[in-house]
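Residue numbers for the sequence shown follow the numbering used here, beginning at 156 and rising by one.
Working notes, beginning with the structure itself.
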Amino acid sequence: MRSAFRNVPLTGVIYVSTEAEKNGFSLESKDWCNLGQGQPETGLLPGSPPRLTHLSISPDSHDYAPVSGVKALREAVAAYYNRRFRQNKKSLYTADNVAISAGGRLAVARAAAALGPVNLGHFLPDYTAYEELLDIFHVFSPIPILLHGEYQYRISIEKLREEVLGRGLSALLFSNPSNPTGTTLQGPALQDWLRTSQELDLTLIIDEFYSHYVWGNTRGPISAAEFVEDVDQDQVLIIDGLTKNWRYPGLRLSWTLGPRTVIDALKSAGSFLDGGASRPIQEAAISLLEDSYVNAESQAIYKVFSEKRDYLLSELTQMGITVESPPEGSFYIWGKLDKLPQKLQGDMNFFRAALEQKVIVVPGRFFDINPGKKRHPRPSRFENHIRFSFGPSRVVLEESCQRLRRILGCV
Numbered sequence: 156m157r158s159a160f161r162n163v164p165l166t167g168v169i170y171v172s173t174e175a176e177k178n179g180f181s182l183e184s185k186d187w188c189n190l191g192q193g194q195p196e197t198g199l200l201p202g203s204p205p206r207l208t209h210l211s212i213s214p215d216s217h218d219y220a221p222v223s224g225v226k227a228l229r230e231a232v233a234a235y236y237n238r239r240f241r242q243n244k245k246s247l248y249t250a251d252n253v254a255i256s257a258g259g260r261l262a263v264a265r266a267a268a269a270l271g272p273v274n275l276g277h278f279l280p281d282y283t284a285y286e287e288l289l290d291i292f293h294v295f296s297p298i299p300i301l302l303h304g305e306y307q308y309r310i311s312i313e314k315l316r317e318e319v320l321g322r323g324l325s326a327l328l329f330s331n332p333s334n335p336t337g338t339t340l341q342g343p344a345l346q347d348w349l350r351t352s353q354e355l356d357l358t359l360i361i362d363e364f365y366s367h368y369v370w371g372n373t374r375g376p377i378s379a380a381e382f383v384e385d386v387d388q389d390q391v392l393i394i395d396g397l398t399k400n401w402r403y404p405g406l407r408l409s410w411t412l413g414p415r416t417v418i419d420a421l422k423s424a425g426s427f428l429d430g431g432a433s434r435p436i437q438e439a440a441i442s443l444l445e446d447s448y449v450n451a452e453s454q455a456i457y458k459v460f461s462e463k464r465d466y467l468l469s470e471l472t473q474m475g476i477t478v479e480s481p482p483e484g485s486f487y488i489w490g491k492l493d494k495l496p497q498k499l500q501g502d503m504n505f506f507r508a509a510l511e512q513k514v515i516v517v518p519g520r521f522f523d524i525n526p527g528k529k530r531h532p533r534p535s536r537f538e539n540h541i542r543f544s545f546g547p548s549r550v551v552l553e554e555s556c557q558r559l560r561r562i563l564g565c566v
């Protein structure tokens, strides 16, 4: 019998986890090393504030939350960004500039559902889950923009302007810091992007889920919110949440900041997509936005994860894995396999060999996102790349490197 349902592909991280499960992996496994994971270690870090251990649920919290989010949390999000990024600015965020969602993917999905019939630019490589998200609504047209390793996966303002005008882009979706390359826009460079976007009437949808993982930056978290001139006029959407920067992936809570008219559109999209995030989790999140908590947590992240970055980067380089652009942000290293023995070149060859050692990595081809499979099938530009995560603990990283050295004949 013919099914009414289409075959829905797995995203990269889910695919590799599913393949690992066929080899005995489970989330409870103690003998596996997951360098494919898209979450940071979630336990207490040296210097980090106490972790949430329980939720207090009042009778009122049994009710639905507003689709746009609990007002107290929206106020707390707006106040946090104003304190940290908009000191001395005339235009400030309010609760009306904030929408709450049940996780980052859903926040992007709401934004995609609210787009009109426009050309939306996205970069290659970029976050694997964007592929299906950019295809399911069939209102806008996703347009790929190729980034190149020889330019450290950067695009100049001049080239960006050329892409926007030449391809007729009305909006641009990107992660900053980037997943998977770790390329990061900050300071004057980020300001130039926002200034240029306003000149070209280009809407920016910026995924800032790794904005507390910025290396070589002692100023702390970054955000495009610092360079928005008018929060209700500038067409800039900023998406963040508890998953990475607060290390609470299990709470599935995110927020979007933008002009009030756009936030209203996201609310309407949420009314048919998801209905709103959990009220008890929203209420628990309010205290996590206090400056003392954010400062302690972001400092702990910087210390622990920068050390893990340096360790894994050194180990992979010694193994002969090429890193075209050491990550400036995120907790990923984008490695190239071109100098490894022939049998380990090719992302799927390396992935399968790592699985035999109970190490999970993500093949590069999954970041060559192709919404709707509209590009003609051919070998991926990234079929000789692997994304390695230093999200796991240092102990797991060290064991992973020992196992990878085995398959490389280095032990």
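All C-beta atoms, glycine included, are put in the ideal place defined by N, C-alpha and C.
As the structure is a prediction and not an experimental result, all values here were calculated from the model.
One question on the structure: do residue i and residue j come within less than 8 Å of each other, judged by their Cβ atoms?
i	j	result
I515	G202	no
G425	S256	yes
Y308	G484	no
V319	L355	yes
T358	A380	no
I418	V253	yes
Y248	V391	no
F292	A262	no
E479	D502	no
F240	S378	yes
L574	L301	Here the chain covers residues 156 to 566 and nothing more, so residue 574 does not appear.
G546	P205	no
F543	L471	yes
V222	K422	yes
A455	L210	no
D186	K513	yes
Look up residue i in the DSSP assignment and say whether it is helix, strand or coil.
i	result
L495	coil
S330	strand
P204	coil
W348	helix
H217	helix
L563	coil
A231	helix
Y248	coil
P518	strand
R157	coil
F505	helix
G405	helix
G191	coil
R155	Lying before the first or after the last residue shown, residue 155 is absent from the chain, which here runs from 156 to 566.
L301	strand
A284	coil
S548	coil
R542	strand
F486	coil
V478	coil
D465	helix
When you compare each of the options to residue i by their alpha carbons, which one comes out closest?
i	options	result
S519	R507, F545 and G490	Residue identity differs from the one stated: residue 519 is Gly in this sequence, not Ser. Comparing Cα positions, the closest option is G490.
R265	A420, W348 and D465	A420
Y282	V517, I562 and R560	V517
G564	R241, S447, S223 and G475	G475
R402	G431, E452 and H531	E452
A231	N450, S433, W370 and D446	D446
S330	S352, F364 and G321	F364
P482	T339, L210 and V225	T339
S213	A439, I488 and S548	A439
F460	N237, R434 and W370	W370
Given a threshold of 16 other Cβ atoms within 10 Å of its Cβ, counted over all protein chains shown, does residue i qualify as buried or as exposed?
i	result
I312	exposed
K245	exposed
G337	buried
F505	buried
Q473	exposed
V566	Only weak support is given to the placement of V566: the predicted model assigns it a pLDDT of 46, under 50, and the value that follows is read from those uncertain coordinates. With fewer than 16 Cβ atoms within 10 Å of its Cβ, V566 is classed as exposed.
Q437	buried
T173	exposed
L270	buried
F427	exposed
P496	exposed
D523	buried
R157	exposed
T166	buried
Under 8 Å, Cβ to Cβ, is there at least one residue of chain D near residue i?
i	result
S366	Of the chains in the structure shown, none is chain D; there is only one protein chain.
- Message: I want to know whether the region 295-315 touches the region 258-275 - three or more CB-CB distances under 8 Å.
- Response: yes
- Query: Is the region 399-416 in contact with the region 252-266, if contact means three or more CB pairs nearer than 8 Å?
  - Reply: yes
- Message: With a threshold of 8 Å, are at least 3 pairs of Cβ atoms found where one atom belongs to the region 467-475 and the other to the region 543-558?
- Response: yes
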